[in-house]
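As given, the protein sequences belong to chains A and B, one line each in that order.
With positions in the first sequence counted from 1, the corresponding number in our numbering is that position plus 13.
With positions in the second sequence counted from 1, the corresponding number in our numbering is that position plus 13.
2 protein chains.
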Amino acid sequence: MLTDQRHETILALLNQSKTVRLADLTEATGASESTIRRDLTDLEKQKKLKRIHGGASVITGKTEEAPLQERTLRDQGEKIVLGKAAADLISDHDTVFLDAGSTTAAIIPYITDRNITVVTNGLNIITALAGTGIKTYVLGGHVKSGTHAFVGAGAIASIQAYQFDKAFLGMNSVDAEFGYSTPDPEEALIKKQALDRAAESYVLADHTKLGETSFSKVASLDEATLITTDKADRELVDEISRETRVEVVTA
Amino acid sequence: MLTDQRHETILALLNQSKTVRLADLTEATGASESTIRRDLTDLEKQKKLKRIHGGASVITGKTEEAPLQERTLRDQGEKIVLGKAAADLISDHDTVFLDAGSTTAAIIPYITDRNITVVTNGLNIITALAGTGIKTYVLGGHVKSGTHAFVGAGAIASIQAYQFDKAFLGMNSVDAEFGYSTPDPEEALIKKQALDRAAESYVLADHTKLGETSFSKVASLDEATLITTDKADRELVDEISRETRVEVVTA
DNA sequence: TCAAAAATGATCAAAAACGATCATAATCGA
DNA sequence: TCGATTATGATCGTTTTTGATCATTTTTGA
């Protein structure tokens, strides 16, 4: 991996989660600790980040409210792990669908130097991919105000033109009986379409989403592989894994 | 492979992915390392790229958003005036097309509280509209790396579903003879489509764009009203206004 | 507080990339 | 066609980058 790409990856990762550990960076870039240390030294000299013991953090003008920051950090830790696990599933030359949302966005730092094509319906995904060299395609449609996902008839029409090797979806709720569900019917429709048009489908959900149900059903459990973390309740995971393949990664 | 072809290939590859490794280039062109090194040296001398250890990177060095921001800042005054003039043309309940680009983005501050619907193919436009309550629709398609405009077959297909009251287009060049033109053929195609599907079409161009020509013709002058500022050369404006309606606003 | 564990920075050797050079092949002009 | 010019690919010594090692510092937790 080129030095510049490594630097980009580091900054992207940092942008995602405000703080990164050295181990995260070596894994994301495939470089050794020494190299990453040198990178961090360089980037700190460029005032792009601040080194901290064990890793690096974004440069922040003032300290934010501590408990809030801590909570988001913890959540993001889980997202990072899920993102990394998802990225490992992607092969070169794959065409993948990345659902709108912050969980799927966590995949991006790990794929910036990969030779793949991404199709998405999320504004945040496009923005995150904008700097990278990844070939990006976007679905048309109505820009939903809350999540900034592209939905509706236009999006449905757009997605028909594509076929994916893999689809990665965020999901609000995963229930052993009700399957995958999400609050917004229009987003559910797009997720379902993406899932149907992919050879392999994966749902990324942190431990808080398990055992929950939302208004709109997307699909039954067996239509996608679930990726979650070991923070999830053991019994819930067992129950779900009777229906579909579940990949549990350590947070 | 001819030297010029190789140079084109290198720049195209670079445009696609921001950084390239030497090995990628030798493979893509079939030339030896020595030749590619010479090419890179030449292209760097021409300021077309920046050499880095192991390959080359795009000249901007920074993220791609930086030049966009910079462009937005430069000639900002003139753009603001153009944006305001364009906003004045929009009526309540209009459905308008806003072209990708910084000039059309300047319209947005003046329409945030209007009851209108916007269709766009520009990432920057979506981002700017994201916070507002404006109903926003986006064309699908390939995300072009430089301008972050959505282009290609997907975009063309998407736009067929819409009909606009007004279309507002940025334009690189406006010439009395050659008409409206822009460097990228794919963007030209979208602009032309938007123009055809709108009851009224407006081209926004600051004074530096007049009397210029670019590679891809979008339309002849009489297909849209030109909006420019009084910084524009008087003779050029007269010449153009023999072909189409021109609105000159004071900068 | 103190010892164990983890992280850090310095150092060094190996690997990769580089630029210079030279011989050969292709292209051009007479 | 022939000689000159230019482009190309291979080689080689030099420079840069990288990864491993290890002594030192910092953090952790008992």
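Every residue, glycine too, gets a C-beta built ideally from N, C-alpha and C.
This one's a predicted model, so the numbers in the text were calculated from it and none came from an experiment.
Proximal residues to G43 (chain A) (C-beta, below 7 Å), its chain only, five neighbours per side dropped: For the purposes of this step, residue 43 (chain A) is taken as the residue at position 30 of the first sequence. Excluding positions up to five away in sequence, the list reads M14.
request  = Can you give me the Cβ contacts of T76 (chain B) inside the same chain, cut-off strictly under 7 Å, excluding the 5 residues immediately before and after it?
outcome  = For the purposes of this step, residue 76 (chain B) is taken as the residue at position 63 of the second sequence. Because T76 (chain B) sits at a pLDDT of 34, beneath the cut-off of 50, its placement in the model cannot be relied upon, and the point is left open.
Report task. Determine the direct distance from the alpha carbon of E225 (chain B) to that of L27 (chain B), and round the result to whole angstroms. Result -> Along the second sequence, read from residue 1 onward, the residue named residue 27 (chain B) stands at position 14. Along the second sequence, read from residue 1 onward, the residue named residue 225 (chain B) stands at position 212. So the alpha carbons of these two residues sit roughly 27 Å apart.
Open item on the list: Here's the rule I'm using: 16 or more other beta-carbon atoms within 10 Å means buried, otherwise exposed. How should S339 (chain B) be labelled?
Closed with: Lying outside 14 to 264, the shown extent of chain B, residue 339 (chain B) is not represented and no answer is given.
- Quick one: grab the DSSP three-state call for H155 (chain B). Here residue 155 (chain B) refers to the residue found at position 142 when the second sequence is read from its first residue. If DSSP states are grouped into helix, strand and coil, H155 (chain B) belongs with the strands.
- Message: For a contact defined as C-beta to C-beta under 7 Å, what are the partners of H161 (chain B) on chain A?
- Response: Here the question's residue 161 (chain B) lines up with position 148 in the second sequence. The contacting residues are A143.
- Task: Label A99 (chain A) either buried or exposed according to how many other C-beta atoms from any shown protein chain fall within 10 Å of its C-beta, with 16 as the threshold for buried.
- Result: By 1-based counting over the first sequence, the position of residue 99 (chain A) is 86. When all chains shown are included, A99 (chain A) counts as buried.
Task: Distance between H220 (chain B) and A25 (chain A) (C-alpha atoms, nearest Å) - done: Here the question's residue 25 (chain A) lines up with position 12 in the first sequence. Here the question's residue 220 (chain B) lines up with position 207 in the second sequence. If you take the alpha carbons of A25 (chain A) and H220 (chain B), they lie about 38 Å apart.
| DSSP three-state assignment for L15 (chain A), whether helix, strand or coil | Numbered from 1 along the first sequence, position 2 holds the residue referred to as residue 15 (chain A). The answer is coil: DSSP assigns L15 (chain A) none of H, G, I, E or B.
- Query: Nearest to D17 (chain A) by alpha carbon, out of B:I240, B:S70 and B:A119?
  - Reply: Residue mapping note: residue 17 (chain A) aligns to position 4 of the first sequence, counting from 1. Selected option, being the one with the closest Cα: B:S70.
| query | Around the Cβ of F181 (chain B), are there at least 16 other Cβ atoms within 10 angstroms (buried) or fewer (exposed)? | reply | On the second sequence, position 168 is the one that residue 181 (chain B) refers to. Result: buried.
Q | Candidates A:T125, A:Y193, A:K230 and A:A168, of which the one nearest D101 (chain A) by Cα | A | Translated into positions along the first sequence, residue 101 (chain A) becomes position 88. Considering only alpha carbons, the answer is A:T125.
Any C-beta of chain B within less than 7 Å: which residues of the segment 171 to 186 of chain A qualify? S171 and A174
Got a sec: is the Cβ-Cβ distance from I203 (chain A) to anything in chain B below 9 Å? Looking up residue 203 (chain A) in the first sequence gives position 190. No, I203 (chain A) lies away from the interface with chain B (no Cβ there is under 9 Å from its Cβ).
**Prompt:** Per DSSP, T238 (chain A) is paired with what?
**Reply:** The residue given as residue 238 (chain A) occupies position 225 in the first sequence. BP columns for T238 (chain A) point to A:Y215.
(request) Quickly, what does DSSP pair T149 (chain B) with across the bridge? List them, please. (result) Translated into the one-based positions of the second sequence, residue 149 (chain B) becomes position 136. Answer by DSSP bridge pairing, in chain order: B:V131.
Inset, instruction - Give the single residue among B:N185, B:I65, B:T241 and B:D112 whose Cα lies nearest to the Cα of T150 (chain B). - result: The residue you call residue 150 (chain B) lines up with position 137 of the second sequence. Note on identity: in this sequence residue 150 (chain B) is Tyr, with Thr being the wrong assignment. Nearest C-alpha to Y150 (chain B): B:D112.
**Request:** May I ask which residues mark the beginning and end of the beta strand (DSSP E) holding V231 (chain B)?
**Result:** Numbered from 1 along the second sequence, position 218 holds the residue referred to as residue 231 (chain B). Where V231 (chain B) is concerned, the enclosing beta strand (DSSP E) stretches over S229 to A232.
ask   = Can you tell me the Cα-Cα spacing of A245 (chain B) and L223 (chain B), whole angstroms?
value = One-based indexing of the second sequence puts residue 245 (chain B) at position 232. One-based indexing of the second sequence puts residue 223 (chain B) at position 210. Approximately 7 Å between the Cα atoms of the pair.
Those residues which DSSP pairs with T32 (chain A) across a bridge: Here residue 32 (chain A) is taken as the residue at index 19 of the first sequence, counted from 1. In DSSP, T32 (chain A) forms a bridge with A:S70.
DSSP three-state assignment for L27 (chain A), whether helix, strand or coil: Looking up residue 27 (chain A) in the first sequence gives position 14. It is helical.
Give every residue of the same chain whose Cβ lies closer than 7 Å to the Cβ of D107 (chain A), excluding the five residues on either side of it in the sequence, and list them in chain order.
-> Residue numbering aside, residue 107 (chain A) sits at position 94 when the first sequence is read from its first letter. Excluding positions up to five away in sequence, the list reads I129, D178 and K179.
Review point. Hey, out of B:N134, B:G96 and B:V156, whose CA is closest to V261 (chain B)'s CA?
Key: As a position in the second sequence, residue 261 (chain B) is number 248, starting the count at 1. The option with the nearest alpha carbon to V261 (chain B) is B:G96.
Note down the Cα distance separating D251 (chain A) from V231 (chain B), rounded to an integer number of angstroms.
Indexing the first sequence from 1 puts residue 251 (chain A) at position 238. Indexing the second sequence from 1 puts residue 231 (chain B) at position 218. When rounded, the distance between both Cα atoms is 60 Å.
**Request:** Give the residues of chain A in contact with G167 (chain B), contact being defined as C-beta atoms less than 9 Å apart.
**Result:** Locating residue 167 (chain B) in the second sequence gives position 154, counting from the first residue. Y150, V151, L152, G153, S171, A174 and Y175, listed in chain order.
Beta carbon of A174 (chain A), beta carbon of A170 (chain B): below 9 Å? Along the first sequence, read from residue 1 onward, the residue named residue 174 (chain A) stands at position 161. Along the second sequence, read from residue 1 onward, the residue named residue 170 (chain B) stands at position 157. Yes, the pair counts as a contact, with Cβ atoms nearer than the cut-off.
Worksheet entry | Short CB-CB distance (under 9 Å) between L136 (chain B) and chain A | Your numbering for residue 136 (chain B) matches position 123 in the second sequence. Yes, its Cβ sits closer than 9 Å to a Cβ of chain A.
message: Quick check on the DSSP output: the alpha helix (DSSP H) that includes T7 (chain A) runs from which residue to which?
response: The structure shown does not extend to residue 7 (chain A), since chain A is modelled only from 14 through 264, so no value can be given for it.
Discussion item. Counting only Cβ pairs nearer than 9 Å, list the residues of chain B close to L15 (chain A).
Written reply: Locating residue 15 (chain A) in the first sequence gives position 2, counting from the first residue. Within 9 Å Cβ-Cβ: T32, V33, R34, I65, H66, G67, G68 and S70.
| query | According to DSSP, is R258 (chain A) helix, strand or coil? | reply | The residue you call residue 258 (chain A) lines up with position 245 of the first sequence. Coil.
Is it buried or exposed, A79 (chain B), if we count other Cβ atoms within 10 angstroms and call 16 or more buried?
The residue given as residue 79 (chain B) occupies position 66 in the second sequence. Reliability fails at A79 (chain B), whose pLDDT of 37 lies under 50, so the model's placement of it is uncertain and the value that follows must be treated cautiously. Exposed.
With which residues is I172 (chain B) paired in a DSSP beta bridge?
Taking the second sequence and counting its residues from 1, the one referred to as residue 172 (chain B) is at position 159. None, per the DSSP bridge assignment.
> Quick one: Cα of F228 (chain B) to Cα of E21 (chain B), how far?
Replying inline: Indexing the second sequence from 1 puts residue 228 (chain B) at position 215. Indexing the second sequence from 1 puts residue 21 (chain B) at position 8. Answer to the nearest angstrom: the Cα atoms are 16 Å apart.
message: By DSSP's criteria, K179 (chain B) is part of a beta bridge. Which residues make up the other side?
response: If you number the second sequence from 1, residue 179 (chain B) lands on position 166. Paired residue(s): B:V109 and B:E213.
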